[in-house]
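There are 2 protein chains.
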Amino acid sequence: MYKLDESLGYKLFQGSRLMTNRLNQYFRLKGYPITHEQWQVLSRLFDRDGQTQQSLASLNERDEPSVSRLVANMERSGLIERRPHPTDKRINLVFLSEQSKRLQDEYTAIAEQTIQDASSGIDPDVFAECLRTLDQIRRNLS
Amino acid sequence: MYKLDESLGYKLFQGSRLMTNRLNQYFRLKGYPITHEQWQVLSRLFDRDGQTQQSLASLNERDEPSVSRLVANMERSGLIERRPHPTDKRINLVFLSEQSKRLQDEYTAIAEQTIQDASSGIDPDVFAECLRTLDQIRRNLS
DNA sequence: GATATGTACTTGCGCCGACAAGTTCTTTCC
DNA sequence: GGAAAGAACTTGTCGGCGCAAGTACATATC
Chain A
1 MYKLDESLGY KLFQGSRLMT NRLNQYFRLK GYPITHEQWQ VLSRLFDRDG QTQQSLASLN
61 ERDEPSVSRL VANMERSGLI ERRPHPTDKR INLVFLSEQS KRLQDEYTAI AEQTIQDASS
121 GIDPDVFAEC LRTLDQIRRN LS
Chain B
1 MYKLDESLGY KLFQGSRLMT NRLNQYFRLK GYPITHEQWQ VLSRLFDRDG QTQQSLASLN
61 ERDEPSVSRL VANMERSGLI ERRPHPTDKR INLVFLSEQS KRLQDEYTAI AEQTIQDASS
121 GIDPDVFAEC LRTLDQIRRN LS
């Protein structure tokens, strides 16, 4: 007998939504009006500024249209700016705004706090093995 | 140094999205035009038919407006129907359509196939512990 | 060097999510 | 029994996703 509450997909889905909701709420409460999707993009840019939208889509395993509209919103909010590629006119390069660069540490602290909230009371070894299992799931479905 | 790819939230998010995408694709490929959110509602109704929208929202930890529009869409597609509560005029009771009842087994098989896909090559004990860890995360954030 | 193929990105569509605000109906409480 | 509080649901707004189709540009091919 199939039970939704006991299924892997449902547990993942609920866990994911609870974490992203909490992250969104922290950002909002602390006065940083960004979403968790936007945070993912910013995080990629903190790692390497000036990427193409294609690159961001690939890293975050999202499709091109999603990234297109996401960065368009982020540009309107002043989180990033898009600059044309010097030689290839098809390409937009996405750069952090000065404001976003200044807020990197605060954003990161909020993300880490969310993980703290979620993982409290879990044995570190068990937690690490769970992360490895999640990696395996990702490989299985990619 | 914070790394998005190594963070719990991101792994959960990606795992969840990969699973729900695959489930959506299976449904579409097999000619059942339902989404994974609709499947969650159907699954609750298979468990107990004739629930209120409030009850569905609570079980799936979603807010009322989401359920309201979700079931409105599902009613338009003939997946469910809403009937007024016999005495309390505020309440809609949500019932499975005959078609949905017939398809329960097929839907369930697809959901189970998706879990199979995701969990292949994972030791059963490790998998079970991962599920328990996900439960703990859910409790921590609820 | 013109045509075909491919790449980066955008737009349109339908669906979903969270929050805020509003409507209708029920219950409570004085 | 009338006002206040609460419950169930809907509507509006904005952000986001996935797919399909379209545009503009670059590269390959002959």
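As given, the protein sequences belong to chains A and B, one line each in that order.
First residue of the first sequence: 1, per the UniProt record's numbering; consecutive thereafter.
First residue of the second sequence: 1, per the UniProt record's numbering; consecutive thereafter.
Ideal Cβ positions, reconstructed from N, Cα and C, are used throughout, including at glycine.
All of these numbers come straight from a predicted model, not from anything done at the bench.
L45 of chain A sits close to V94 of chain A, with the two beta carbons spaced by under 8 Å. For the alpha helix (DSSP H) assignment, the uninterrupted runs of no fewer than 4 residues enclosed by the segment 15-96 of chain B are, from N- to C-terminal side, 36-47, 53-59 and 64-76. For S97 of chain A, the closest alpha carbon among the candidates A:R76, A:R69 and A:Y10 is that of A:R76. At least one CB atom of chain B sits nearer than 8 Å to the CB of S7 of chain A. Separation of the CB atoms of G15 of chain B and L134 of chain A is rounded to 5 Å, and the pair is thereby assigned contact status at 8 Å. Not a single C-beta of chain B is nearer than 8 Å to the C-beta of N73 of chain A. Put simply, the CB of V126 of chain A is near chain B, with a gap under 8 Å to one of its CB atoms.
Here S142 of chain B is exposed, its C-beta having fewer than 16 other C-beta atoms within 10 Å. In the three-state scheme derived from DSSP, where H, G and I count as helix and E and B as strand, K101 of chain A is classed as helix. Look at S119 of chain B here: in three-state DSSP terms it is helix. Y107 of chain A sits in a helix when the DSSP states are folded into three classes.
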